[in-house]
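Worksheet for the structure shown next.
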Amino acid sequence: MRISDPQLIGALAALGVEHKAGVSLAEKTSLEIGGTSDLLLVRRHESLPDLIRLLKQAGVPHRFLGGGSNVLLPDGELPWVILQLARQDPEVRIEGNLAFVDCAADLGRTVTTCAKHDLGGMEGLIGVPGTVGGALRMNAGAYGTQIGSFVREVQIYRAATGRIETLRGSEINFEYRHTSFAPDDIMLAVRLELSSKPYREILQGIRICNEKRRASQPLNQKSAGCIFKNPPGGSAGRMIDELGLKGHAAGDARVSDRHANFFVNAGHATSADMLALIADVRQRVRERYGVELEEEVIVWKDS
Ligand code: EPU
1 MRISDPQLIG ALAALGVEHK AGVSLAEKTS LEIGGTSDLL LVRRHESLPD LIRLLKQAGV
61 PHRFLGGGSN VLLPDGELPW VILQLARQDP EVRIEGNLAF VDCAADLGRT VTTCAKHDLG
121 GMEGLIGVPG TVGGALRMNA GAYGTQIGSF VREVQIYRAA TGRIETLRGS EINFEYRHTS
181 FAPDDIMLAV RLELSSKPYR EILQGIRICN EKRRASQPLN QKSAGCIFKN PPGGSAGRMI
241 DELGLKGHAA GDARVSDRHA NFFVNAGHAT SADMLALIAD VRQRVRERYG VELEEEVIVW
301 KDS
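According to my numbering, numbering within the sequence shown proceeds without interruption in unit steps and concludes at 303.
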């Protein structure tokens, strides 16, 4: 969606929001799938309430994009303008066992910054791509560690009230790849409580997790991580593998040969290719196992 009204463009500039016209969103996602739209880069969190009020008044629909590592965007011209948060400086501030982290910060870099301050516990999250905000929103996890367990406080823009609010960790429900945040809440900053651990020890844990990940996941290919959530007590990857679907494709969207729950963009896959592959695999799993797989990747649909 394009913003062309000069008055609105002027108001955005007055708020300190950077307006980038006609941005290719494929370049902003790890799947490298997605059409184009205008992008609004929010430099100051405090401008969000005014910005969203302004867009509403002007009748401009919007969506918020984080690190783009767990999302499937539509092809063509998108029917929303895209909001993104600029990284704050500093990204991480340490006080004792607490880390105050900007949600636009890269998750992996945050884990290593904390490690350098002898703060550990998050080693399992090292290879999870994307931002801290994205990880928080869906309680990202790997190797027995979920980010939710470290959260003491979160600052969000709450769409329902149009205000910036601070929530205590105990007020938020963190479940497997799910949280009680509303879909249109925007994560701004988080206070994590970590445990004291020597840097060398943390580094050792990080190395082990990196090796495990390299051995089982297609890290050098364009993907959004696991496409489906694991069903209770089961493994989506194992089921898809057992069905012999590694290498199975729809256009350039392909089930990874390395990990069957990773669907990769093997060339110039479109959103339609990826959605067709998701539907096909879901149906085969339903027919064979009677299990309805739920997407783990966030699919942006018109609505
Ligand atoms: N398996 C197969 N074939 C495959 C893939 C897996 O048989 O092609 C088997 C494995 O041998 C293993 C079981 O399935 O016995 C589970 O596989 P794995 O250990 O790779 O873990 P996963 O359940 O598939 C989950 C998360 C990953 C996370 C890893 C490591 C989900 C949906 N996935 O994968 O997270 O990195 O554990 O902790 O919960 C993501 O969220 O995007 C993601 C990649």
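Note that the Cβ used here is the ideal one computed from N, Cα and C, for glycine as well.
### Query
When you compare only the Cα positions, how much space is there between Ala13 and Val42?
11 Å
### Query
Does any heavy atom of ligand 1 sit closer than 7 Å to the C-beta of Glu296?
yes
### For Glu18 and Ala159, the rounded distance between their alpha carbons
21 Å
### Task
Note down the Cα distance separating Gly96 from Ser196, rounded to an integer number of angstroms.
9 Å
#### Entry: Sheet register partners of Tyr157 (DSSP bridge)
Ile164 and Ile186
### Message
So, for Pro49: in the same chain, excluding its five sequence neighbours on each side, which residues have a beta-carbon less than 8 Å away from its beta-carbon?
### Response
Tyr157, Gly162, Arg163 and Ile164
### Query
In three-state terms, what does DSSP make of Cys103?
coil
#### Entry: the stretch 129 to 139 / the stretch 61 to 79 touching (three or more Cβ pairs under 8 Å)
yes
### Task
Grab me the residues of Leu31's own chain with a C-beta within less than 6 Å of its C-beta, minus the 5 sequence neighbours each way, in chain order.
Lys222, Ala224 and Asn265
### Task
Confirm the yes/no value for this check: CB of Arg44, any heavy atom of ligand 1, distance under 7 Å.
no
### Message
Helix, strand or coil for Thr113? Go by DSSP, reduced to three states.
### Response
helix
### Message
Using the Cβ count rule (16 or more neighbours within 10 Å means buried), how would you classify Glu296?
### Response
buried
### Query
Ordered along the chain, which non-local residues of its own chain (more than five positions away) have a Cβ less than 7 Å from that of Gly169?
Val151, Arg152 and Glu153
### Query
Run through DSSP, which three-state label would Ile94 get?
strand
### Query
Any chance the stretch 228 to 243 sits against the stretch 287 to 294, with 3 or more Cβ pairs inside 8 Å?
yes
### Query
Residues in its own chain within less than 6 Å of His248 by CB, not counting five upstream and five downstream?
Val255
### Heavy atom of ligand 1 within 7 Å of Asn265 beta-carbon
no
### Which listed residue (Asp89, Leu15, Arg93 and Pro74) has its alpha carbon closest to that of Trp55
The amino acid at residue 55 is misidentified as Trp; the sequence shows Leu. Checked all of Asp89, Leu15, Arg93 and Pro74; the closest Cα to Leu55 is Leu15.
### Message
Given 7 Å as the limit, tell me if Asn210 has its C-beta closer than that to any heavy atom belonging to ligand 1.
### Response
no
### Task
Could you give the DSSP three-state label for Glu46: helix, strand or coil?
helix
### Message
Could you check whether Arg191 and Phe100 sit closer than 8 Å to each other, using their CB atoms as the reference points?
### Response
yes
### Message
Below 8 Å on the Cβ atoms is my contact criterion, and I expect Leu39 with Gln84 to pass it. Report the Cβ-Cβ distance as a whole number of Å.
### Response
6 Å
### Among Ile186, Arg177 and Ser216, the one whose alpha carbon lies nearest that of Pro231
Arg177
### 3 or more residues per run - each beta strand (DSSP E) lying fully within the stretch 216 to 287
222 to 226, 253 to 255 and 262 to 265
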